[in-house]
Structures are given as structure tokens and as C-alpha cells.
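Notes for the one structure printed next.
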Amino acid sequence: MTTPFDIVTRAMKDIGALAAGEVPTADEAQDGYDMLNDMVAQWSNENMMTFYKTEIIFPCVQNQIQYTIGPGGQVGSSFTGSISGTTLTVVANSVTTGAITMGQTLSGTGVLPGTTIVGFSSGAGGNVNEGGTYTVNKPQTVASTTINGYYERPLTIESAFVRVNTNMNGSPIANGGLDYPVAIFALETYEMIGLKSLNGPWPKGLYYQPSENLGTIFLWPNPAQGEMHLFAYTQFRQFSAQTNDIELPPGYVNALRWSLAERLMPMYGKVNQLMMAKIEAFAAQAKATVKRTNMRPPQVARYPDQLLMGKSKDAGWIMDGGFA
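Converting from the sequence shown to our numbering requires adding 16 to each position, the first position being numbered 1.
What follows is the structure, encoded as C-alpha cells:
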């Protein structure tokens, strides 16, 4: 395992600020740690540096078109569970709000600050009221209690669909319901909608406003039912302590090391042009390797928004249930 302290130490050795066997002073370690966290926060804004998309799930509330997301926002989850080590056990049928998904930050009596869900075990996730076990990032012991989960405020919403579990007469749809694509509106498109409170069976589009602390999701039309599934690039979480173990996919630790070394050079007056060129090349190569792995192929086919929202005389009714 690697810690932020290890990365700072290696980066300082790479630029010649430390000799073999030396370790940074407390002040040097803190400066490097702060810069490492600043760099990680910036990576959340860099295309293809994030390695998976977070699925955000919440039920549509009838006659509610506006939802907040982020710490303390309306979109999240609440359930009964316990934690032993890094295993979160969720009591079956105990989810009273939202759904449990990867990347959620947890809070509750005895839950350590910064505890997040980092993996699925017997709990598959992605479904409302999904009991079972999940993996969290911090080992701890928490007795059975009410646990709340929230999503970080997304930078953007990349794509979305709505799951409809009942038809218009209220009868359940077989096999868990139907999923319909939801268009992501730009602000200019959302502004052109004349009646934003128009009633409809389920959302066909959404506009996302990423405010400073809480993001706001606007659905259109005003839904009578539906379960929203949004997808957003996961934000890198800042490291909570210098000595905590880092768990990242292969290649990220190397990219952190050389990118941090590149940023530390001016702080330590390292102006040797050959050294600077080598470190810049190593940092660029490490990040490029990560980006190639994360690169997604372009989405070459999707249902035109006209089929979802327009009145086209074609088979679009299959996608929107016959409601134009």
C-alpha cells in the first residue's frame, strides 16, 4: 500500500530535495500533502482522468420538478445498516429514501467522517431497497443504526434515463419496468420551454445547475412517476490524512508521484533544465497512460431527442409511451 506521505517523499527525492534514506520534515510533508490534495481536486476537472461514472438514483416525487444534490441535499439515501471492518451490511428492505450506490458518502451514529462506499459485495447496488453487503473505504465498527448517504455535487450530468415501474393505469410493468432515455438540456434549451410545470407521465429531459455548494436538478415535464438514474464523472476525493492507505487503479500512484514532483520543483528552486524536462516528460507520460485507459469510445448512436419529445410520425411512441 502507498500513502500520501510516501508519494510526497518519492516526489521530493525525484527532484533532488531529499537524498536516499531521508524523509521530509513535518513542514515539508505538510506542504507536499496540501499541494497533492490541490492537484487531485484539479484532476476532477480534467477530461479522462476520472476512472468511472457515478450512478445517481432517486425517485421522482409527483408534482416536484426541482431537486438539490450534494451534502445536505435532497438526493441521497437513508437505510438501516452496520459496519464491521470495511464491510457495510444493509438490512433488507430498510432503504427508506433513494438508493445505495457506489461513491456515496455515509453519515450516522459512530460512522467515521469521510466514509464512502467503494465497492459492491452481495449488495448489487443500482436498485432501490438493495439490501446486502458493500465495501467502504475506512475500517471501523458501527452497530446497527440509521445511516444516511449523499452524493458529491456533480460537476456535470453526462447522461440519464428514467425507469418506469407502472403503466398509466397503475398496473406493474413486468420484469422490473422500462427504461426511457432522458435528454440533458443546456440552459438555453431549458429557457425556451414555455411551461416548465407542464404535467407529464415521467421526465423526458432535465437541466442541471451546478451551484456553489449544492447542485440543482430541474426535471421536465412535471413527473407523475419514475425513478431517475443520472450518470456523472466521479470526483477525486482529497486524501484525509498523510498516512492513510491509497486505493486507486493501477497507474494512478505513478501519475501522482511524477505530477507532484513537477509541481514541487519551483518551491525548492529546482531550475536544472535537463531535470525539469525529464520530470515533465515522466508526468505527461504517466497521465497520458491513465487517460488512454479511461478513454471511452464515442457514443455513435442514441435516440434523437425528437423521438422523445417531439411529435414525429414514426415509432418514437415506443420510447415515450405514446406521450408527445
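We put the beta carbon where it would ideally sit given N, CA and C, even for glycine.
Within 8 Å, strictly: CB atoms of residue 213 and residue 81
yes
Which value, in whole angstroms, describes the spacing of the CA atoms of residue 266 and residue 154?
20 Å
Cβ neighbour criterion (16 or more within 10 Å) applied to residue 270:
buried
In the structure shown, what three-state DSSP assignment does residue 67 receive?
coil
Figure out for me which residue from 138, 218, 235 and 193 has the closest Cα to the Cα of residue 209.
235
Which two residues bound the contiguous beta strand (DSSP E) that contains residue 195?
194 to 197
Less than 8 Å separating the beta-carbons of residue 114 and residue 91?
yes
If residue 28 sits next to residue 40, beta carbons under 8 Å apart, how far is it from one beta carbon to the other, in whole angstroms?
6 Å
Please list, in chain order, all residues of the same chain as residue 98 whose beta carbon is under 8 Å from its beta carbon, the five residues on each side excluded.
104, 105, 158, 159, 160 and 161
How do the stretch 70 to 80 and the stretch 116 to 135 stand: do at least 3 beta-carbon pairs fall below 8 Å, yes or no?
yes
By a C-beta neighbour count over all protein chains shown, 10 Å radius and 16 as the cutoff for buried, is residue 287 buried or exposed?
exposed
Quick check: is the beta carbon of residue 68 nearer than 8 Å to any beta carbon in chain B?
Of the protein chains in the structure, only one exists, and it is not chain B.
Under 6 Å Cβ to Cβ from residue 251, same chain only, skipping five residues before and after it: list those, please.
60 and 168
On a Cα-Cα basis, can you pick out the residue from 277, 18, 123 and 48 that is closest to residue 302?
277
Range of the contiguous alpha helix (DSSP H) that encloses residue 270:
268 to 283
Counting C-beta neighbours from all protein chains within 10 Å, is the total for residue 100 16 or more, i.e. buried, or is it exposed?
exposed
Starting from residue 20, trace the beta strand (DSSP E) in both directions and tell me its first and last residue.
Segment 20 to 30 is the alpha helix (DSSP H) holding residue 20; no beta strand (DSSP E) there.
Name the two residues that bound the continuous alpha helix (DSSP H) containing residue 59.
42 to 59
Looking only at its chain, what residues have a beta carbon closer than 6 Å to the beta carbon of residue 166, apart from the 5 residues adjacent to it on each side?
87, 92 and 121
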